[in-house]
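Residue numbers (my numbering), protein chains in the order written: chain A, 1 to 212; chain B, 213 to 1049. Glycine is no exception: its CB is placed at the ideal position from the N, C-alpha and C atoms. To keep things clear, I will list the structure first and then write my remarks on it.
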Amino acid sequence: MFTSSTCSLLRDQNTVLGVTGTTFCPEQFMNQYFQLFFYCLFLLVYRLHGRYHEMAPNVVPMDYTKDPDVKLPMQLIINMPELKENPFKERIVASFSEDGEGSLSFNDFVDMFSVLSEMAPRELKAIYAFKIYDFNTDNFICKADLEKTLNKLTREELTDEEITLVCEKVIEEADMDGDGKLGFADFENMISKAPDFLRYSLGNQVYQQKPF
Amino acid sequence: DEKKARGERSQKRDRGKTAPNKDQKESENKEKKTMKRGKEGENKQKKDRKNSISSSSNSSDEESLSEEELAMLKEQVEQKKKLISTMRNKPWRMVKKLSVLREAQDFVEKFEGALGKGKGKKLYAYKMMMAKKWVKFKRDFENFKTQCIPWEMKIKEVESHFGSSVASYFIFLRWMYGVNLVLFGLIFGLVIIPEVLMGMPYGSLPRKTVPRAEQATAMDFSVLWDFEGYIKYSALFYGYYNNQRTIGWLKYRLPMAYFMVGISVFGYSLMVVIRSMARNANESTADGDDDNFIFSWKMFTSWDYLIGNPETADNKFASITTSFKESIVDEQESNKDENIHLRRFLRVLANVLIICCLCGSGYLIYFVVKRSQTFSKMQNVGWYERNEVEIVMSLLGMFCPPLFETIAALENYHPRIGLKWQLGRIFALFLGNLYTFLLALMDDVNEKLAEEDVVKNITHWTLLGHHNSSAGNDSTVTPRPLDPADVPRGPCWETTVGIEFVRLTVSDILVTYITILVGDFIRACFVRFVNYCWCWDLEAGFPSYAEFDISGNVLGLVFNQGMIWMGSFYAPGLVGINVLRLLTSMYFQCWAVMSSNVPHERVFKASKSNNFYMGLVLLILFLSLLPVAYTIMSLPPSFDCGPFSGKKRMYDVIQETIELDFPLFVAKIFSYVANPGLIIPAILLMVLTIYYLNAVSKAYQRANAELKKKMQMQREEEKNKRNNKANTNPMLQDLEDLLTPSTKTESPPKQAEDKKMESPNGTSPVGKPGRGEVLPGSPMANSRGAAFTSPSQVFVTQPRTLGIRAPYPGQPRPWGHPLRPVPGRGRGQPCYPRAAR
C-alpha cells in the first residue's frame, strides 16, 4: 500500500505540517511508537488528500507520485464545511493560493490546513491573518480594508457613521508609526497582546456544537 | 528497489552540491577561527573521539575527513536540523518548503550517521505526539467544562442577540438558583426529611392533625389553594414540627437542628453574597488595564474560526454586531461634550422630582395603612376599604417606574449608569411595599398572640376535664385519649406568617408569568399578525414589540428572594417552591425574550461585575434578617405548635442543648463568652480590623491607578518614539545605500514572487533566525517597500524585541559577505529539545 514515493511525500509533508521536527524513514520504524506515530501521520495527510480529492474526483488524481499540476478553483474550496460559514473564506483561500487568484494546488491546500491548525505557531498565524485582512493586497491594512472587514463581521448591520467611528478607533489604537494605516509591525504588535488570538482564531476544527 | 536507488541518486546529487558549499564555508570559518578557537577546541576533541568509532564503520570516505571538517560538518548538520524543526514556522509556500526540506533531510541523513547522532528521535517523536494529544485533550476538556455550566448556551444565545446587559439578568438568575439550591439542600436534608422519616406520623398529635371542624373541606382545591387544610398541617410549615427533644433511633435533635438551619440559611447567604461581591470586585480590577485595543481586538480576533454550523455562525454574527454596538455606545458617551452646567442643573432637577415622587408615595402608603387600621376596627366595610392598601400599592408599582424612567431621560446618563439609578429608585419605592406588608403581618401576629392566651387556658381545661371524666366514669379501663382532631388549638402565629409568605410568593409567580405571557407574547403575536390588516404600522408605531425590562426583572428577583429569606424560617417548604420557580422562570423567560422581545435601542455593555445587583441582594438580605431576628428574639413561640413550643423564647433551645448534652465546663465557657465584657472588646476589635483592611485596600487601589497611568504614559512615549524613527528611516536607508554599493547581489528570481512574506533568513536555507544575519543590500532595500518590509521581517522572527530596536536591514557591516550565523552558537545543545519549542 505504501509505495516508496507516496511514503516520502508523506514524510516530507508531515514534517512541513509541523507534526514532527525530525527525520525518519520507514526502515526505522521498528519501534511500536514509531509505527503508531507514522500511522497517525499517514492518516493525516491521507485524510487531507481525501478531502482534496472528493471536491473534484475527476480532476484530482488519487496518485501523487508524479506530482501533477492540478489546481482546484476557489468556488470548490470555499464550500468546504470548515470554511463555509467563515466571512473571510474568499480571502483565506486567496491568501494561500500561489497565484493569488484563489485556486489551490494540493500543496497550497496542505499549507492552508497546516497554518490553520492549532499546532501552528502564533507568529505564522499572525502573518497569514495579516494577509487575510489585507483585502487589496497592498501590504497595509488601510481604512478600506477595515471597512470591508467590519462589514463582513457584522453583515453590514452598522450604520455608516458607526463604521467610520470604529475604523478610526482601530487606526488610532493600533497605528504605532502614525501613517494612518496598519503595517505588519503594527498588526503583529496589536495581535500579540490579544488574549483570544491564541485560543481560537485561525484554528480549524469543525465543531458540531456551538463553541461557546 | 526503487527507494534505495532513489536514495543513492540523491546522495550523489548531494555530494556534488555540498562540495562547493563546504569550501565556501571553510574559507569563511577560517576568518573567524581566531575568535572561536579557544571555545571550540575542547568541545571538538571530546566529540570527535566519540564520533570516530561510529564513523569509521560507516563509510570509507568519511575517514579521510580532518577534525576541522568534521566540526564544520557537525555544525551544518545541526543547522539543517534546526531548519527542519523550524520549517513549519516559516511563511513559505509549500513547494519551497518541500524542496528545502528534502535537501536538508538528505543532508542530515547522509552525514548524521557519521556524527553518531540520532538518539532521542523516538523520544522526541513520542513527545510531539503526546503534546498534540494534550492540546486536543485540553480543548475537549474546555468544551466539556462549558457544557457543564448549566444554561451557558442559552445565556450566550440571549447575550448574542440582546447584549450583555440582558444576559447579566440571566446570569444573576442562575446565581440565585445556585444559592437557593444550597438552601434547599440544607433545609430539606436537615429538617424536612428527618421529620418525615423519624418524626411522629400524621394524626398522632393535635398539631399534626386537621381539626374536626375543617376536616370536611380539608381536601377541597379552593382550600388547598389558600394553603389551608392538609397543606397547613404538613411538614411544609413550622406548626407541624414536634417539640420532642430527640427523634428516632438516631436521637436526632430536631428542634436544635431546626434552629441551627434557620440561622445557617442566613449565615450561608450572607457569606456567599459577600464572597461573590469580593470576587467580582477583584475581577473588575484585574482586567481593567488592557483596554488599549478594544476595537482592534474586536475587529481582528472576534471571529471564531472553529465555527462550522450555520446556526452558530448566525449567533456569532449577532453577538459581534452587538458587542460592536456596545463599544460604540461607550465610545460615544466618552466623547460627548456639551453644556456641563445645563446637564448638572437637569440632573439636580431630576433628582428633586424623583425624591418628591418617592416622598409622596411614601406618605400615601403611610396614610393608607393608618386608614386601614381604623377600617379594620369597624364592622361593615366595603370591598374597596378592605383592599385599599393592596390597590394603592399595585397602582404605585404600576405607574411609578415609567414615571421615573421619563424623568431619568432628563439626566442623560450612560444607559449603564442610568440603569443603576433606576434600580435604586424603584428599590426605594418597593421598600414601602415591604414596610406595609411587614406592618400588616405584625398586627396579625400581635392579634394572634393575644388570642393564644385565651385558647391556652381552654385547651388546658379541656384536656384536664377529659382526663377527669374518663377517669371518673370507669377506672378499670385505661382512659381513652382525646382524639387529636378534637383538641382545641391555639392560632399558631408562626404558621400563619409562613402561609402568608408562601401565598405571596405563589401569587407573585403567577403575576409574573401572566404578565410575560400577556404583555410580551400576546402583544408580540398581535403586532406580528394583525399588522397585515391595520391602519398604521404596528411594528414601528404604537404598540410595537416589548423590550426586556431589566430593572423590573432584577428587582422582582431580589424582592422575591427577600420573601424567601424571611419566610423560610416559618415555612421550610418555601425554598422548594422557590427553586421550582427559578427553574421554570429560567426556561420561560429565555423563551419569552427570544421569541417576543426586541433588543434595546441602545444596546449597552453590562458592568463587568454584577456588584450592583449583589449590593441590592445584600441590602434586602439585611432587611429581611431584621424581622426574623426580631420574632425569634422577642416573641414567645406558640404553646401548642412548632419545635419550640413550651419554651419561653426560641433560642432557649441552645441553652437547653448546652446544659443537657455538653459537659459542664462548656456551659461555663459559654457563659463567660456571652459576658458583655468580652463581647464589646470583640466588636471593637472587629471594627478596627475592618478599618485597617479598608485603608489597605484604598492604598492598593491608588497604587493600581498610578500604575495604570504610568503604563499609559509609557505607551504614548513608545508611540512618539516610533513616529520619530519612522521619519528618520528613509534617510538612514539612503545613507546605507550609498555606503554599501559593492555588496549588492542578485537574489534568485524565484524569490521575487515570495518577497512579500519572506523573511530575510529565507534567502539562505541555512539561515538562522536572529538579528545577526540580515542581508545587506538585498534588492528590496532601495525600493520604497523596504521601509516597511524590512522591519516587519525582523519582527517575524523576533516578535519579543519590538520595544528594543532591532538593527536596520542594510546597515553597513565590516564583512563583505552576507553573514553566516555565528558558528558554535547552537553547539553544545542537542537540536531535538530545541525544536520542541
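Cβ-heavy atom distance, Val908(B) to the ligand NAD, below 8 angstroms: With respect to small molecules bound, the structure shown includes none, and the ligand NAD cannot be examined in it.
Host alpha helix (DSSP H) of Ile361(B) (start-end): No alpha helix (DSSP H) contains Ile361(B), which DSSP labels as neither H nor E.
Closest Cα partner of Thr1058(B) within the set Phe800(B), Ala752(B) and Ile532(B): This structure leaves residue 1058(B) out entirely; chain B is present only between 213 and 1049.
Partner residues on chain B for Thr164(A), Cβ-Cβ distance less than 9 angstroms: None at all; the shortest Cβ gap to chain B is about 11 angstroms.
Leu393(B) vs Val791(B) beta-carbon contact at 9 angstroms: yes
Cβ-Cβ separation, Ile361(B) to Ile383(B) (assumed contact under 8 angstroms), whole Å: The Cβ separation is near 10 angstroms, so there is no contact.
Neighbour flag for Val45(A) against chain B, beta carbons, 9 angstroms: no
Where Asn809(B) falls: helix, strand or coil (DSSP): strand
For Lys71(A), the residue or residues it bridges with in DSSP: Ser105(A)
Paired residues, beta bridge with Tyr884(B) - DSSP: Beta-bridge pairing links Tyr884(B) to no other residue.
His553(B), buried or exposed, once every other Cβ within 10 Å from all chains shown has been counted against 16: exposed
Whole-angstrom distance between Gly889(B) and Phe471(B), CA atom to CA atom: 26 angstroms
Integer-rounded CB distance, given that Gly636(B) should sit under 8 angstroms from Ala574(B): According to the sequence displayed, residue 574(B) carries Gly and not Ala. Between Gly636(B) and Gly574(B) the Cβ distance is about 15 angstroms, and since that is not below 8 angstroms, they are no contact.
Close-in-space but distant-in-sequence residues of the same chain around Lys193(A) (CB under 7 angstroms, 5 per side omitted): none
Exposure label - Val803(B); buried when at least 16 CB within 10 Å: Checking the sequence, you will find Trp at residue 803(B) rather than Val. Result: exposed.
Status (buried if at least 16 other CB within 10 Å, exposed otherwise) for Lys481(B): Checking the displayed sequence, the identity of residue 481(B) turns out to be Ser instead of Lys. Looking at its Cβ environment, which holds 16 or more other Cβ atoms inside 10 Å, Ser481(B) is buried.
N-terminal and C-terminal residue of the alpha helix (DSSP H) that Asn772(B) is part of: Ile762 to Gly779
Chain-ordered neighbours of Thr533(B) on chain A, where CB pairs are closer than 9 angstroms: Leu153, Thr154, Arg155, Glu157 and Leu158
8 angstroms CB neighbourhood of Pro755(B) in its chain, flanking five on each side removed: Arg735, Phe738 and Val739
Residue closest to Ala818(B), alpha-carbon to alpha-carbon, out of Lys344(B), Val709(B), Glu538(B) and Phe507(B): Glu538(B)
Chain A contact for Lys922(B) (CB, 9 angstroms cutoff): no
Sequence-distant residues of the same chain with beta carbon closer than 8 angstroms to Val60(A), five excluded per side: Tyr52, His53, Val70, Leu72 and Phe106
Whether Val810(B) touches Ala752(B) by CB criterion (9 angstroms): no
Reduced DSSP category for Leu182(A) - H, G, I as helix; E, B as strand; rest coil: strand
Cα-Cα separation, Tyr450(B) to Ser780(B): 9 angstroms
Start-end ranges of the alpha helix (DSSP H) lying completely within the stretch 390–438 of chain B, minimum 4 residues: 405–410 and 433–437
Which of helix, strand or coil DSSP assigns to Pro1026(B): Unreliable positioning characterises Pro1026(B) in this predicted model, as indicated by a pLDDT of 42, which lies under 50. The coordinate reading is nonetheless provided below. Pro1026(B) falls in the coil class under three-state DSSP.
Boundaries of the alpha helix (DSSP H) in which Pro81(A) is found, first to last residue: Pro81 to Lys84
Cβ-based contacts, 8 angstroms cut-off: residues of the stretch 131–155 of chain A near chain B: Lys131, Tyr133, Asn139, Phe140, Leu146, Thr149, Leu150, Leu153, Thr154 and Arg155
Start and end residues, alpha helix (DSSP H) containing Asn527(B): Pro522 to Asn547
Per-residue burial, Tyr381(B) [other beta carbons within 10 Å of its own, 16 or more giving buried]: buried
Closer than 9 angstroms to chain E by CB, Tyr647(B): Judged by its chain identifiers, the structure shown contains no chain E, and its protein chains are A and B.
Minimum C-alpha distance to Arg814(B) - residue among Lys339(B), Met365(B), Glu354(B) and Ser376(B): Ser376(B)
Minimum Cβ-Cβ distance from Lys84(A) to chain B less than 9 angstroms: yes
Chain B within 9 angstroms of Gly50(A), Cβ atoms only: no
Beta bridge counterpart(s) of Glu759(B) as assigned by DSSP: Val810(B)
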